[in-house]
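In full-length UniProt numbering, the protein residues as written are 1 to 129.
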């Protein structure tokens, strides 16, 4: 079973993502375990304790920009024995330079807010396969 770390400070957004993933037609998405983190600090703590396959990373968090975490994972890697999870930036900033900054920071994908449920499922399915 895959594990997804949802780094999102808004409770409503976390609830919606969980509901969409739980109802997905793609079994790998529907059956994935979703872990929550509401800040960069919480995400770092979770990553230090848990093996994660995919991170859905909000860019605007209470303690900083999600790209900070993406850069850390790209440059510092994971603790011994763990592989780097796939990182998907999730943001309302949809300008070409925002996408470029996310990829440059080490993100593997980009999901624009607001997004359709089908786009979320497709993105997660593609990166979990």
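Think of the CB as a built atom: it goes at the ideal place given N, C-alpha and C, for glycine as much as any other residue.
In or out: residue i buried (at least 16 other Cβ within 10 Å) or exposed?
i	result
residue 85	buried
residue 7	buried
Express the C-alpha separation of residue j and residue i in angstroms, rounding to a whole number.
i	j	result
residue 120	residue 34	14 Å
residue 100	residue 108	11 Å
residue 116	residue 19	13 Å
residue 122	residue 89	14 Å
Measuring alpha carbon to alpha carbon, tell me which of the options ends up nearest residue i.
i	options	result
residue 87	79, 106, 48	106
Ignore the nearest five residues each way along the sequence and tell me which others in residue i's own chain have a CB closer than 6 Å to its CB.
i	result
residue 92	113
Can the beta-carbon of residue i be found closer than 8 Å to that of residue j?
i	j	result
residue 124	residue 21	yes
residue 43	residue 16	no
residue 59	residue 67	yes
In its own chain, which residues sit with a C-beta less than 7 Å from the C-beta of residue i, not counting the 5 before and 5 after it?
i	result
residue 3	32, 33, 35, 50, 51, 52, 53
Can you give me the Cβ contacts of residue i inside the same chain, cut-off strictly under 8 Å, excluding the 5 residues immediately before and after it?
i	result
residue 82	51
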